[in-house]
Amino acid sequence: MHGRKAYELVKEFASGEKGHLKIFNVEEGSNVNFWLVLSGCITRQRNLCKRRLNPVLAMSPCSVILHTDESGKFPESRKSSSSGAHCIVVPVIFYTPGMMKCLRGVLFLPFIWNELFERVIEECNEHHNALQSLIRKMQEEGLEVQTARTADHYGALIHHLSLIRNKRCLMAYVYNRAEIIRDLAWKVGLLHELPREIQEKFSDSEEQYFKDHSKSLKLYMSQLSLDVNVDMVPPKDPYIKVRVLEDLGSGIILSDKFANFARHSMHFLKRTDAEQYIARGLMEELTS
Amino acid sequence: MRSSGQKPITIPAFPFNFPSQITIPKFTIDKFFLLFWFSEPKEKLRDKLRTKMANYYNIDDILTEEEFVPVVFHKAANGVIIDPSSETNSVEQGAKVELPLWLAQELYLRQAVSISVPACFNQKTRLEIQADAACVDLKSRSPFFYEFGCKIAPLVGDKTVEVLLLSAFKIRYKEILTKAYTVAYTAASKFLTLLTKEETNLYEAAQSSMAAFKKWRMGGPRLQRASVLGRKRKPIE
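And the structure:
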């Protein structure tokens with residue numbers, strides 16, 4: 001069946017618990033930001049197209065398909081000399097409506113693909129090859145590619161739609177994960193370390209995203225000199241009673257006092273100060 | 001993904017007056033994308049863009065569009081493995097196959113296929129819904145029954161689908177809210193298996209509002225540990 005592989009990723013995402021992350025569907029130990037590398041490479045190629053060739057040839061990433069090497073198979077992983085990580089050579093192909101001119105750029109991904117991602121890419125390759133061969137066939141028959149409505153046209157159309165679909169699924173997968181990560185930054189508190197069991201589910205780019213997001217929010221709040229992450233409901237009393245659940249040490253300075261937060265000690269704190277500790281599970285609120 | 005310094009590419013004459021560049025979140029539709037778009041009437045295309053792009057990243061929307069619909073091909077298509085009964089890799093004119101909705105609707109807009117009413121809106125379901133909508137197992141028919149119905153109704157040109165959806169939802173809505181407030185959790189689990197995704201959301205919303213109301217009435221700590229962190233970890237010794 002066509003265009004089904006990336007859907008499996010989305011399905012897997014949807015089956016997870018709401019607001020929780022699963023392990024990013026790429027094997028651990030990869031140390032390069034795949035999406036950044038890919039989009040960077042594509043932008044480079046587009047600029048090249050624009051400058052040297054016809055500006056019409058410069059395509060947005062929408063039409064870029066990962067491609068295998070000449071043999072049509074996904075190349076074997078190779079050892080890269082510098083980082084010691086595995087490296088896969090993926091030439092990128094650009095195709096255009098008018099002429100099927102191909103430009104190849106070599107993209108190095110020091111990256112080990114997870115099985116599912118690999119299958120998505122494989123499927124994209126198949127679609128791409130089929131699409132290309134159908135268009136070529138139409139050209140050989142002397143038909144105008146843009147206006148002819150032959151069986152080949154509809155075949156190519158189906159392959160094209162499958163590619164678009166796969167792309168949408170992949171985008172949605174990454175986008176929705178990013179949304180969860182943003183959410184985590186707000187809920188757990190900014191610039192704080194996440195617990196290990198959550199952090200190890202991030203891919204590297206997601207980790208960076210989390211850090212950057214927290215950092216820019218922090219910056220924004222310091223410029224406003226306002227903490228936008230506190231509880232939305234105005235308190236009846238600015239002070240609340242809390243109990244410390246874990247030893248926090250004595251070096252913590254709050255806005256109005258300097259306290260020694262030993263385990264099980266009880267304190268009377270400003271609510272805004274206590275909120276971040278409560279969110280992280282280091283204190284609990286006591287009610288009378 | 002166009003950086004600010006670059007000039008937008010102007011597109012040469014097209015069969016219709018398409019804006020040279022439509023910016024939608026995160027990417028730009030390019031010329032290649034348009035290659036397969038021309039046969040569409042303009043208004044249809046615009047409408048489709050608007051509704052489709054709003055839900056571009058929506059997981060539920062993606063899952064809904066994966067439901068299968070029966071179609072009949074009006075045009076032959078080469079080089080595709082869609083028709084399981086065909087010996088060659090092609091679909092012949094007049095072939096009857098099942099396609100996922102995302103593919104079927106695109107082909108429909110280009111007059112390549114016609115779509116008939118999918119199995120989950122058949123006569124049997126209609127009769128069951130007329131008898132007692134609240135007890136029908138809609139989840140097994142399609143977990144996105146309503147969304148799927150809304151998407152399919154304009155494509156098949158069957159006015160009765162909309163009426164069916166509306167009447168089913170009205171009756172079930174009442175039932176779900178009553179049950180959400182009254183039924184104990186153990187008894188509800190059986191009832192929950194009948195609900196579609198949207199109805200489950202509704203049920204959960206009703207329950208959480210109930211819980212919030214109880215909490216407000218009883219009082220208690222307002223601030224709590226973030227739920228994503230899971231259960232309390234063991235304190236580090």
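If you read the protein sequences in the order shown, they are chains A and B. In terms of the UniProt record's numbering, the first sequence opens at residue 1 and continues consecutively. In terms of the UniProt record's numbering, the second sequence opens at residue 1 and continues consecutively. For each residue, glycine too, the CB sits at the ideal point set by N, CA and C. Being a predicted model, the structure only gives us computed values, none of them experimental.
- Message: Please give the ranges of any alpha helix (DSSP H) in the segment 233-287 of chain A, keeping only runs that are unbroken, at least 4 residues long and fully inside the region.
- Response: For the segment 233-287 of chain A, the continuous alpha helix (DSSP H) assignments of 4+ residues that do not extend past its boundaries occur at 271-279, in sequence order.
- Would you check if the distance between the CB atom of I171 of chain B and the CB atom of A212 of chain B is smaller than 7 Å? Cβ distance not < 7 Å, so I171 of chain B and A212 of chain B don't count as in contact.
- Hey, which unbroken runs of the alpha helix (DSSP H) at 4 residues or more fall wholly within the segment 95-172 of chain B? If we require 4 residues or more, the alpha helix (DSSP H) runs fully inside the segment 95-172 of chain B come out as 101-109, 123-132, 138-141 and 145-156.
- Message: Please list, in chain order, the chain A residues whose beta carbon lies closer than 9 Å to that of A77 of chain B.
- Response: Neighbourhood of A77 of chain B in chain A, by CB distance below 9 Å: A151, D152, H153, Y154, G155, A156, L157 and I158, in chain order.
- Taking K139 of chain B and T64 of chain B to be in contact with their CB atoms under 8 Å, please state how far apart those CB atoms are, rounded to whole angstroms. Not a contact, Cβ separation roughly 14 Å.
- Query: Based on the DSSP secondary-structure assignment, which residues constitute the bridge partners of A77 of chain B?
  - Reply: Within the DSSP bridge table, the entry for A77 of chain B names B:V91 as partners.
- Per DSSP, F68 of chain B is paired with what? In DSSP, F68 of chain B forms a bridge with B:P100.
- Task: Using the Cα positions of E275 of chain A and V10 of chain A, report the straight-line distance between them to the nearest angstrom.
- Result: So the two alpha carbons sit approximately 35 Å from each other.
- Query: Relative to the C-alpha of Y108 of chain B, which residue among B:V156, B:A168 and B:S208 is closest?
  - Reply: Comparing Cα-Cα distances from Y108 of chain B to each of B:V156, B:A168 and B:S208, the minimum goes to B:V156.
- At a CB-CB cut-off below 9 Å, which residues of chain A make contact with L63 of chain B? Within chain A, the residues near L63 of chain B are Y7, V10, K11 and A14.
- Query: Can we say the segment 102-117 of chain B touches the segment 155-166 of chain A, given the rule of at least three CB pairs closer than 8 Å?
  - Reply: Yes, the segment 102-117 of chain B is in contact with the segment 155-166 of chain A.
- Item | Exposure of E140 of chain A, with buried meaning 16 or more beta-carbon neighbours within 10 Å | An exposed status is given to E140 of chain A, since fewer than 16 other beta-carbon atoms sit within 10 Å of its beta-carbon.
- Query: Using a C-beta cutoff of 7 Å, does E40 of chain B count as contacting chain A?
  - Reply: Legend: pLDDT at E40 of chain B = 49, less than 50; position of this residue unreliable, value from coordinates given subsequently. Look at E40 of chain B: its C-beta is not under 7 Å from any C-beta on chain A.
- Whole-angstrom distance between K215 of chain A and A85 of chain A, CA atom to CA atom: Low local confidence applies: a pLDDT of 31 at A85 of chain A is under 50, so the model's placement there is unreliable, with the coordinate-based value given in what follows. Looking at the two C-alpha atoms, the distance is approximately 29 Å.
- Just how far apart, CA to CA, sit L254 of chain A and K218 of chain A? Their backbone Cα atoms lie some 17 Å apart in a straight line.
- Give me the Cβ distance between residue 297 of chain A and I59 of chain B, rounded to the nearest whole Å; I'm assuming they're in contact under 8 Å. Because chain A is modelled from 1 through 288, residue 297 of chain A falls outside the range shown and cannot be assessed.
- Start and end of the alpha helix (DSSP H) containing L184 of chain A? Here the alpha helix (DSSP H) through L184 of chain A covers A151 to V188.
- Query: Along chain A, in chain order, which residues have C-beta atoms closer than 7 Å to that of E106 of chain B?
  - Reply: Those are L161, listed as they occur along chain A.
- Query: Between A172 of chain A and chain B, is there a C-beta pair that is closer than 7 Å?
  - Reply: True, the Cβ-Cβ gap to chain B drops below 7 Å.
- Query: What residues of chain B sit near Y175 of chain A, judged by a beta carbon separation below 7 Å?
  - Reply: Under the 7 Å cutoff, chain B gives Y57.
- Alpha-carbon to alpha-carbon, V120 of chain A and L245 of chain A: The straight-line gap from Cα to Cα measures roughly 46 Å.
- Item | Closer than 7 Å to chain B by CB, T272 of chain A | Proximity of T272 of chain A to chain B, defined by a Cβ-Cβ separation below 7 Å, is not satisfied.
- Message: Cβ closer than 8 Å: which chain B residues qualify as neighbours of R168 of chain A?
- Response: By Cβ distance, chain B contributes Y56 and I62.
- Output the distance between the C-alpha atoms of E199 of chain B and E162 of chain B, rounded to the nearest integer angstrom. For E199 of chain B and E162 of chain B, the distance between alpha carbons rounds to 17 Å.
- Task: Count the CB pairs spanning the segment 106-121 of chain B and the segment 70-80 of chain B that are closer than 8 Å, and state whether there are at least three.
- Result: Output reads yes: the segment 70-80 of chain B touches the segment 106-121 of chain B.
- Locate the alpha helix (DSSP H) running through Q146 of chain A, then write down its first and last residues. DSSP places Q146 of chain A in no alpha helix (DSSP H); its state is neither H nor E.
- Message: Against chain A, does A205 of chain B count as a neighbour if the rule is that its beta carbon must be under 7 Å from one of theirs?
- Response: Output row for A205 of chain B: interface = no.
- Rounded to whole angstroms, what's the CA-CA distance from F144 of chain B to I152 of chain B? Just pull it up for me. Taking the straight line joining both Cα atoms gives about 12 Å.
- Are the C-beta atoms of A119 of chain B and some chain E residue less than 7 Å apart? The structure shown contains no chain E; its protein chains are A and B.
- Query: Taking 7 Å as the CB-CB limit, is E123 of chain A close to chain B?
  - Reply: No, no contact with chain B.
- Query: DSSP three-state call for R222 of chain B: helix, strand or coil?
  - Reply: Here R222 of chain B sits in coil by DSSP.
- Task: Output, in sequence order along the chain, the residues in the segment 128-141 of chain B whose CB is closer than 7 Å to any CB in chain A.
- Result: Taken residue by residue, none of the segment 128-141 of chain B has a beta-carbon sitting less than 7 Å from a beta-carbon on chain A.
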